[in-house]
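In mature numbering (1 follows the signal peptide of the UniProt record, and there is no 0), the protein residues as written are -18 to -1, 1 to 130.
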């Protein structure tokens, strides 16, 4: 009887020690202050074939970096995809999504600091982007680390 208890305990102890240790998830949140996208404004012409986008990236670690660019499209420039726009040390791109129906769309930007391997994804609804008006209050976003 003693042998069977000892054998059972040995088997249980072996099974417990052989269990894999779950790998902890790695947080991609960067240990830097939030970035504020300041004075965001999009102004489109009446035909929506040209829009000017203006804002500043404030990392709170250096002076804000202004960004201004023009989007031209045959139609719906306010919904046009953009990419590889240079604003100081940042690369900017954007994409519109209307999956929740007309009037419920939104645009998400990617603002990337390749030098420091950081990215934020500011996003604004179509309702926030009233033509030519600055979005207030300014919005802040936590940078994520880029791990390539």
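Beta carbons: idealized from backbone N, C-alpha and C, even for Gly.
In the assembly as shown, residue 91 is a buried residue. Its beta-carbon has 16 or more other beta-carbons within 10 Å.
Secondary structure of residue 60 (DSSP, three-state): helix. Comparing alpha carbon positions, the residue from 71, 9, 18 and 4 closest to residue 119 is 18. Fewer than three beta-carbon pairs drawn from the region 4 to 14 and the region 25 to 36 are found closer than 8 Å, and the two stretches are therefore not classed as touching. Rounded to whole angstroms, the gap between the alpha carbons of residue 78 and residue 107 is 9 Å.
Leaving aside the five residues that flank residue 102 on each side, the residues in its chain whose CB is nearer than 6 Å to its CB run, in chain order, 17, 93, 123 and 125. The alpha-carbon separation between residue 100 and residue 10 amounts to approximately 10 Å.
Counting C-beta atoms within 10 angstroms of its own C-beta, residue 15 has fewer than 16 neighbours from the protein chains shown and is therefore classed as exposed.
Shown here, residue 9 sits in coil according to DSSP, grouped into three states, outside any helix or strand. Following the DSSP letters along the chain, one finds residue 36 inside the beta strand (DSSP E) bounded by residues 32 to 40.
Around residue 95, the same chain offers 71 and 72 as residues with beta carbons nearer than 7 Å, after the five sequence neighbours per side are excluded.
In summary, residue 48 is exposed, with fewer than 16 beta-carbon neighbours lying within 10 Å of its beta-carbon over all protein chains present. When C-alpha distances from residue 105 are compared across 75, 68 and 26, the shortest belongs to 75.
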